[in-house]
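Trainee: Please see the structure below; I have some questions.
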Amino acid sequence: MKLLQRIQPAPRPSKQRKFLRDMYKWISLAMLLPLTLFGIIAYYNSGQAVLGNEYQANKKILMQVKYNIDSMDDMILNSVFSIYNNPDVRAIMYNKDVEFADIYKSINTLRSSIVNTNPFIRSVYIYNSASKSYYTTLDELMFKDASLETLFQSGGELPILKPVPRRIDYMSGDKKHTENVVSYFMYEFKDQGDTPAGALIFNANTTWLLENIANINAIDKEKQDKVMILDEKRGILGEDLDNPDPFLAKLRTAYEDYNAKQPEGAAKDTGYYIAKVDGKKYLVTFTNVEKMNWTLVKAQLYDEVFQKVERLKTTFVLLTAAFLLIAFLITVLLSRTIYRPIRKLVNQVSQADQPYSGQGEDEFSYLNQTFQHSFERIQEYRLKRSSENEALKAFFLRRLLVDSPSVSGNEFDQALESYAVRLNPSEPLIVCVVKIDDYALFQQKFSLFDQALCSFGITNIASECIGYPCETVEMKNDYLSFIMNANDSSELIEGWKQAQHYIQAYYHISISVSISGPTAEYAELSERHFEALNQMAYRLLYGKSSILTGEAIRSHEENVHMGYSAALEKKLVEALRSGSPTAAEEALERLFGEIQALSYNNALLSVMSLINTLKSTVDGLSRSKLEPVRVNFNLLTSRLFEAETLQELKDDMTLLIRDIFSKTENIENEKQAILVDAVKELIEVDYANPALCLALIADKLNLSSKSVSKLFSTRMNMSVADYLNELRLNKAVEWLESTSLSIKEILLKIGIENESYFYKLFKKKFGATPKEYVQSKSVKQIQGHTRP
């Protein structure tokens, strides 16, 4: 049962789906890499965009603070210059003896005009070097500023009109208070101790400055944004030394580290950087206040800045995952679509070639190895066929089929021994004849080698499916003969059906089989062979893929009818003559239904008779037409001997009948066109004849008026009278436009005797009387000539 093993589903080689897995992998990677790259680039660009936008927003805030500081500086300087040049103030600075009332008055003036009107000015000092006194706008007129005394006594150079950050300590009740200020010094001369000989001192309020910055920044304490001002010595302006903010100290350190890493000369007036402060990541933005030599620094939590970016990142991840899922589904669908023919081929090969356990790296390697193995087997088969023993065996089997009485018992026994013939002459024998359907197409489609391969496949599959010991020989007349030991032909039918199924599945060809009756004597094999060949002729009636037995064709052989009914033939002829395609095809269908029940010889003769009837009918139709109906019956006759089934002949006849109707209709159309042209020519020639009418034209054509009228109306969509009137009116217009003839003269030329009738027709067609028509044409011609 080797062949049955080949045609049963076989376990697939373990590596047969490697190519499919590779397609999954590479198509998935081809979709995954662009998507991932797009996500990374989009996320990076979004982060940079958010960072840039946040930097620009912080920069605007710091620039606004810088502007406010510069404005404060300008206002303080203007106030300093204004007050310094005031005679009363200068008298307090430089005179040794000054009336207390004058001092008090000047101080009150400063308090009301300067301090009270400028919220950023904390106080104003007037220093008199002669008396070593400070006169202030504070509540205590002779306030002793310890830090200022220390500053004067330090011997250092006091900058003129430059902000100097310092602290003011003062008592409020029993409590000591400290206030951070920025002091501006204005003086011109120094005394012998290298201290100002008199000075005007403005103290700016740093608290006001920081509150102003907070208001501009609209700092949300929950976000932990911080702003600080560094002076020229990198001190934190307004810092509470008693209770310093550790974060600001660390922020200053981070800023100093950042500056230290910058190349010399690469310092920026404004910029940003990312730094870790107090264990957290911050976006730090800075800008320089050139006039004050200060630096504004703003720190913002990095995570808060990138909250939107993180949400965008999550969105990108989700979208990428969704696209990847879709891409995976597309990959599966696309891969399976591409892989389907490969899988089908691998399955067919693996099922048809189970004894060979070929393996390969992938499907293509497996197929290559399998086909190589199959090619080797075919070569072995060809060598085997060409061997001497096989040739002698084939000769012996053909003798059994063609001339079995001449084969003696000794010859049979010698063949059993010499050629390994698998037949038992003492058991019943049956002959089966196998023909390939559409054999002419089979010869065109396959090469000689492929035809031999198909015959080899049919032999092996049939031998295994039948299940009986048998021998096969290829006859010279396009068929195979099987000789087998079997008791009953009916038992073989199921085996042959199974063989037909597998042959159709693997070779895509169909076969028809004729099974003879059993014989107990091998000498009668020639008769059984002849019987099977005669039965095979009934494939004409049963069609392709038929299995023919004596029992199956008995009803045809016993049918006493010689042909089809004359009544049906008459209906077909009448339908052809009356031009009824539907009735003709219906009659032909019924005729072939009767032919199919006849014996083979009578069926063939009936088809030939039907062809002759069709030819006679067409010849009769041709004689009644202007032109003959030309149909190639020789082609149909040749098909009678080439067609394998009655259905093919019926289809050919159906096409021929349709061709007959088509050509008949064309001839009829040509005839009608000729008649219509003749009517038009007669009207063109004789339209001036008043007596010209439908009856006269019909008489000239030897036809009835009714037929001419119907034909002309059908083809021209107007009656003969309307066409005649149309022509006469057109001719009248030509005479009116090209001559000066009167209406009566024109009527004589166009064949109309009734003038009022002419006027009625003319106005109906042109919408005006002949005179109005001519005048209208003349006016249009004049307008055409005069128009620029």
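Sequential numbering from 6 applies to the sequence shown in this note's numbering. The C-beta atom is built at its ideal place from N, Cα and C for all residues, glycine as well.
(1) In whole angstroms, give me the CA-to-CA distance for I45 and S51.
(2) Assuming Y260 and V302 make a contact with CB atoms under 8 Å, what is their CB distance in whole Å?
(3) Just tell me which of K180, L256, L530 and I131 has its CA closest to the CA of I206.
(4) Looking at the strands, I want to know which residues DSSP matches up with E184.
(5) Report the CB separation of P430 from F417 in whole angstroms; it is logged as a contact under 8 Å.
(6) From the DSSP output, read off the bridge partner residues of T292.
(7) Which parts of the segment 419-444 are runs of the beta strand (DSSP E), unbroken and 3 residues or longer, counting only runs that do not cross its ends?
(8) Taking C-beta to C-beta, are P523 and A491 nearer than 8 Å?
(9) Pop quiz: F24 and I347 are said to be a contact at Cβ under 8 Å. What is the actual Cβ separation, rounded to whole angstroms?
(10) Does DSSP classify S531 as helix, strand or coil?
(11) Using the rule of at least 16 other Cβ atoms within 10 Å of the residue's Cβ for burial, across every protein chain shown, is M147 buried or exposed?
(12) In the segment 235-268, which residue ranges form an unbroken alpha helix (DSSP H) of at least 4 residues, counting only runs that do not cross its ends?
(13) For Q10, does the three-state DSSP call read helix, strand or coil?
(14) Would you list the one or two residues that DSSP bridges to N133?
(15) Output the residue ranges of the alpha helix (DSSP H) runs that lie fully inside the segment 642-717 and measure 4 residues or longer, sorted by chain position.
(16) Using CA coordinates, which residue listed in I471, S136 and I463 is at the minimum distance from E479?
(17) Take R582 and list the residues in its own chain whose beta-carbon comes closer than 8 Å to its own, dropping the five residues that flank it on each side.
(18) Check whether the Cβ atoms of Y89 and M191 sit closer than 8 Å, and answer yes or no.
(19) Can you check which of these residues, G276, K273, D283 and L485, is closest to F252 by C-alpha distance?
(20) Report yes if the CB atom of E154 is closer than 8 Å to the CB atom of R172, and no otherwise.
(21) Which of the three DSSP states, helix, strand or coil, is assigned to N100?
(22) Among D483, I435 and P474, which one has its Cα closest to the Cα of L446?
(23) For K195 and S159, what's the separation of their Cα atoms in angstroms?
(24) Closest to A202 by C-alpha separation, out of L143, V738, M297 and L163, would be which residue?
(25) Which runs of the beta strand (DSSP E) at least 3 residues long sit entirely within the segment 534-592? Give them in chain order.
(26) Note the first and the last residue of the continuous alpha helix (DSSP H) segment covering V802.
(27) Mind checking who F487 pairs with in its DSSP beta bridge?
(28) State the DSSP-derived secondary structure class of S2, mapped to helix, strand or coil.
(29) Considering only the alpha carbon of each residue, which of I755, T375, L406 and F43 lies closest to L324?
(30) Taking all protein chains shown into account, do 16 or more other C-beta atoms lie within 10 angstroms of the C-beta of Y140, making it buried, or fewer, making it exposed?
(31) Where does S282 sit, in a helix, a strand or coil, going by DSSP?
(32) When DSSP builds the beta bridges, which residues end up paired with V232?
(33) For F190, does the three-state DSSP call read helix, strand or coil?
(34) Let me know if K7 comes out buried or exposed under the rule of 16 or more other beta-carbons within 10 Å of its beta-carbon.
(35) Out of D443, T642 and L538, which has the shortest C-alpha to C-alpha gap to H513?
(36) With respect to 7 Å, is the separation between the Cβ of F43 and the closest non-hydrogen atom of the ligand ZN below this value?
Mentor: So, from the listed chains and residues:
(1) 10 Å
(2) 6 Å
(3) I131
(4) I173
(5) 5 Å
(6) T275 and L301
(7) 434-441
(8) yes
(9) 7 Å
(10) helix
(11) exposed
(12) 251-266
(13) Note on Q10: pLDDT 40, under 50, position unreliable in the model; no value is reported.
(14) S138 and G203
(15) 651-691 and 699-705
(16) I463
(17) T622, G625 and L626
(18) yes
(19) D283
(20) no
(21) coil
(22) D483
(23) 14 Å
(24) L163
(25) 552-554
(26) An answer regarding residue 802 cannot be provided, because it is not within the stretch 6 to 793 covered by the chain.
(27) C437 and T477
(28) Any property of residue 2 remains undetermined from this structure, which presents the chain solely from 6 to 793.
(29) F43
(30) buried
(31) Before going on, a small fix: residue 282 reads as Val here, not Ser. The answer is strand: DSSP assigns V282 an E or B state.
(32) K303
(33) strand
(34) Below a pLDDT of 50, predicted positions are generally treated as unreliable, and K7, at 40, falls in that range; no measurement from the model is reported.
(35) D443
(36) As presented, the structure is devoid of all ligands, the ligand ZN included, so that no description of it is given.
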